[in-house]
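Using numbering that gives the first Met the number 0, you'd call the opening residue of the sequence shown number 0 and step up by one each time. Have a look at the structure below before the remarks.
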Amino acid sequence: MSEAKKNNLKGSGTPSIEIDAKLSVTPDTTLIYGQQFYLDVTLTDNAGNLPQGYFISVVAKSGSGITIIPPKNGILASGHENSIYAGLYTIVIDDYDSNTIKNGKVSFTVALENGTNNVYNKDVSYNVKKILPYTLQLLPDKPVCVIPKKYSDPTFNDPEDTYIIYETHLLEDTGDQTQNTPIKKALVYLIASLDEDISKNVIITSDPDQQNTPLKIYTHANINGKIFISLTSDDSGKIRFRVYPNNKPTVGNSDTNYKPTLLSLGCMILGQDEYPYMSERVCIIAPRPFLAFDDLELLLIPAADGGVINGEPDDPTFEVTIQPYDNPNPDDHILFFTKEKNKIPDIKSLILPIYNMQGASEAKYSFPIPFASFKPDEWEGIFYVITNTENTRYSMGEMIKITGGRTNLIPSDGIERTYNKVQVYSSFADYAGDPQLVQPGEENALFWERSYTTRVELSNYTKNGGYDAYVKITATNDLTDHTRPKVGDTVYVNMYVRSGNKNFFQKLPTTILLSKPDAVPAGNKTLCSTVIPINHPLYYGIRSYNDGSPAFVYFEYYTIDENNKTTFSHYWRGMTNTSLPGLDDD
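Given below as structure tokens:
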């Protein structure tokens with residue numbers, strides 16, 4: 000493949016022939032157990048032309064744990080050229096459990112032969128490692144990027160808000176969970192979600208560590224309908240690259256291409272891609288048009304009086320409502336901002352989380368906005384953006400002033416709390432087989448408030464239906480037990496995140512508590528548990544503070560009775576670092 004790294008290998012042959020071999024996957028590349036990859040081979044005679052009737056062969060060593068599928072059509076040397084090419088070979092590495100790979104190495108022989116004799120042959124070997132699959136998960140450094148008004152070639156010194164950095168560290172599965180062993184020079188294929196095309200809508204480049212280093216623009220391959228980019232981890236196991244909006248004019252000097260994108264990327268080990276680890280979707284949005292003929296309606300803010308919103312001291316949020324708009328799309332993403340300059344939203348003023356219209360009430364289009372997103376007693380703006388893969392639309396801005404409400408994005412210590420805390424379980428809990436999470440083995444999946452939650456505990460989301468974790472609330476049918484909500488109650492669950500990179504408030508789905516008694520302990524007739532899954536990637540990408548202080552995730556719930564009385568639970572608070580896998584975990 001044209002952008003793959005090359006390597007010269009001197010081989011044996013007749014005295015008049017001096018052949019170099021160039022492999023698209025170089026021997027210093029680390030391969031992964033169970034991996035498939037594509038290989039090109041070019042042989043060049045530096046002393047003259049290659050002999051007529053000879054062809055390239057790539058043959059695996061017998062019993063070496065490697066299978067080679069040659070290209071359908073081979074090329075014979077005509078005797079008039081000094082170079083010959085063969086590809087694509089499909090190379091398949093046996094999986095770890097096959098126990099066929101000795102000493103962590105596989106090898107094959109590259110030869111130039113005519114079926115009887117060869118004038119060149121060279122053994123090529125690769126190291127093979129077992130990977131921790133969750134470390135393939137890429138993390139973007141921001142959830143939104145605005146397409147620049149004018150196109151320019153990517154350069155090292157581009158403003159950081161014009162591109163998105165993706166990063167991960169690949170770690171070896173050594174069997175020792177206390178070790179963080181990087182996999183150096185590992186080959187992965189970068190792919191996009193099925194509805195996105197990385198060959199057209201974005202430009203993907205290197206992100207060098209050294210200042211003023213020219214960027215390398217990665218080119219894609221399209222093999223058997225698979226569109227991907229080959230990437231290799233560095234000596235620390237790191238994969239890091241930039242993604243730019245592809246706003247290059249499509250025809251000559253035409254206007255900038257403002258096509259918005261909803262992008263989800265993944266590092267794939269071909270052959271181990273049944274459960275791919277895809278990054279959270281980022282929104283690449285068009286700027287506000289100079290002449291806007293389809294502006295969205297202003298937000299409706301029921302609590303605002305002349306633009307002033309007076310919240311109670313313990314209120315975490317106020318409600319805003321989007322008015323109905325033309326041509327709604329289930330994949331519409333809704334973003335709230337407080338600032339813009341020259342018709343470009345300030346991405347640092349984004350109010351997290353980004354909402355998806357699939358998760359909004361069709362009748363209301365109502366969303367909670369944290370009071371903590373605004374400075375108290377100051378007039379500030381608010382507007383919203385609706386974007387999908389076809390169009391970005393903006394509302395007009397309006398000014399509001401916050402007087403009251405909770406200034407910190409954490410549960411309040413100033414209210415009476417009655418109910419027991421929730422319990423939080425990892426993605427490995429058996430929700431499908433034990434929907435109330437009461438069997439004794441489920442204790443192994445519990446999150447403890449005094450222990451860090453890492454991406455390891457969330458990594459089973461690819462196999463459990465897309466859940467990072469689970470929240471369990473235990474109700475009772477005992478009317479004398481006031482420490483628990485009652486079966487049949489409607490509960491409202493709040494999730495708070497305070498961290499070094501993202502701070503947000505999220506309402507989990509409103510839930511009616513089940514009345515089925517827990518099967519454990521035996522003889523129980525009063526306790527009834529209800530489990531609420533937390534969708535991926537809500538718990539992902541939460542980073543500790545730069546000074547080493549932990550990030551925290553909080554959960555609380557409450558009920559509202561027929562007299563409009565609210566009863567709160569005690570809140571659960573857990574230390575969290577679900578950012579870069581392994582290397583940032585203590």
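The beta-carbon is built from N, C-alpha and C at its ideal position, and this holds for glycine as well.
For a minimum of 3 consecutive residues, which ranges assigned as the beta strand (DSSP E) are wholly contained in the region 94-166?
104-112, 117-128 and 143-145
Can you check whether the C-beta of threonine 386 is within less than 8 Å of a C-beta belonging to chain C?
The chain labelled as chain C is not found in the depicted structure, where only one protein chain is given.
Do you know offhand how far serine 411's Cα is from isoleucine 472's?
20 Å
Need the endpoints of the beta strand (DSSP E) that serine 497 sits in, please.
Residue identity check: residue 497 is arginine in the sequence provided, not serine. Segment 489-497, the beta strand (DSSP E) holding arginine 497.
Just the C-alpha distance for glycine 310 and threonine 402, rounded to the nearest angstrom, thanks.
Cα-Cα distance, rounded: 6 Å.
Label methionine 574 either buried or exposed according to how many other C-beta atoms from any shown protein chain fall within 10 Å of its C-beta, with 16 as the threshold for buried.
buried
Kindly provide the ranges of any beta strand (DSSP E) runs that are 3 or more residues long and lie completely inside the region 454-530, ordered along the chain.
466-475, 489-497 and 503-506
Assuming the contact rule is C-beta atoms closer than 8 Å, threonine 337 and isoleucine 381 should be a hit. Round their C-beta distance to whole Å, please.
6 Å
Measure the alpha-carbon distance for alanine 518 versus lysine 485 and round it to whole angstroms.
If you take the alpha carbons of alanine 518 and lysine 485, they lie about 18 Å apart.
Can you check the region 213-237 for any beta strand (DSSP E) of at least 3 residues that lies completely inside it and give the ranges in chain order?
220-222 and 225-231
Where proline 324 and glutamine 35 are concerned, what is the direct C-alpha to C-alpha distance, given to the nearest angstrom?
Before going further, note that residue 324 is tyrosine rather than proline in the sequence given. If I take the Cα positions, the gap works out to 47 Å.
Under the DSSP definition of a beta bridge, which residues are partnered with isoleucine 284?
Note: isoleucine 284 sits in a beta bridge opposite Val145.
Please determine if the region 486-502 and the region 528-546 are in contact, where contact requires at least 3 C-beta pairs separated by less than 8 Å.
yes
Taking the C-alpha atoms as reference points, what is the distance between phenylalanine 227 and isoleucine 190?
Computed Cα separation, rounded: 5 Å.
Just how far apart, CA to CA, sit alanine 428 and tyrosine 469?
8 Å
Should glutamine 209 go down as buried or exposed, given a rule of 16 or more other Cβ atoms within 10 Å for buried?
exposed
Have a look at Ser365, Thr25, Leu261 and Asn419 and flag the residue whose alpha-carbon is nearest the alpha-carbon of proline 142.
Leu261
Please classify serine 372: does DSSP put it in a helix, a strand, or coil?
Correct three-state label for serine 372: helix.
For glycine 33, collect the residues of the same chain with a Cβ closer than 8 Å to its Cβ; drop the 5 residues on either side in sequence, then sort them by chain order.
Closer than 8 Å at Cβ, skipping near neighbours: Ile92, Asp93, Asp94, Tyr95, Ile268, Gly270 and Gln271.
Looking at the unbroken beta strand (DSSP E) that takes in isoleucine 346, where does it start and where does it end?
Run containing isoleucine 346: none; DSSP gives neither H nor E here.
Can you check which of these residues, Trp571, Ser514 and Asn563, is closest to phenylalanine 554 by C-alpha distance?
Nearest Cα to phenylalanine 554 within the set Trp571, Ser514 and Asn563: Trp571.
Is proline 352 helix, strand or coil by DSSP?
strand
Suppose the cutoff is 7 Å on Cβ atoms and the five residues either side in sequence are ignored; what does the same chain contact list for valine 496 look like?
Asn502, Phe503, Ile541 and Val552
Around the Cβ of glutamate 171, are there at least 16 other Cβ atoms within 10 angstroms (buried) or fewer (exposed)?
buried
Find out if the Cβ-Cβ distance for the pair alanine 46, isoleucine 16 is shorter than 8 Å.
Yes. Within cutoff.
I'd like to confirm the pairing. Which residues does DSSP put opposite tyrosine 553 in its beta bridges?
Partner(s): Tyr495 and Arg572.
Are tyrosine 37 and tyrosine 88 close, meaning C-beta to C-beta below 8 Å?
A contact, by the Cβ cut-off of 8 Å.
Tell me, please, which residues DSSP counts as bridged to phenylalanine 36.
Answer is Ile90.
Who are methionine 398's beta bridge partners in DSSP?
Gly380
Would the beta-carbon of alanine 291 fall within 8 Å of that of tyrosine 383?
Contact: no.
Which residue wins for smallest C-alpha separation from arginine 241, given the options Tyr165, Asp314 and Met356?
Tyr165
By Cβ distance, which residues of its chain are closer than 7 Å to isoleucine 202, with the 5 residues on each side in sequence left out?
Pro153, Ile216, Tyr243 and Asn245
Less than 8 Å between C-beta atoms, sequence neighbours within five positions excluded: which residues of the same chain meet that for leucine 445?
Gln422, Val423, Tyr424 and Ser425
Look at methionine 277 and serine 198 and say whether their C-beta atoms are less than 8 Å apart.
no
When the Cα of alanine 185 is compared with those of Asp206, Thr231 and Asp477, which residue comes out closest?
Thr231
Is the region 100-109 in contact with the region 70-79, if contact means three or more CB pairs nearer than 8 Å?
Contact fails between the region 100-109 and the region 70-79, because fewer than three Cβ pairs, one in each stretch, are under 8 Å apart.
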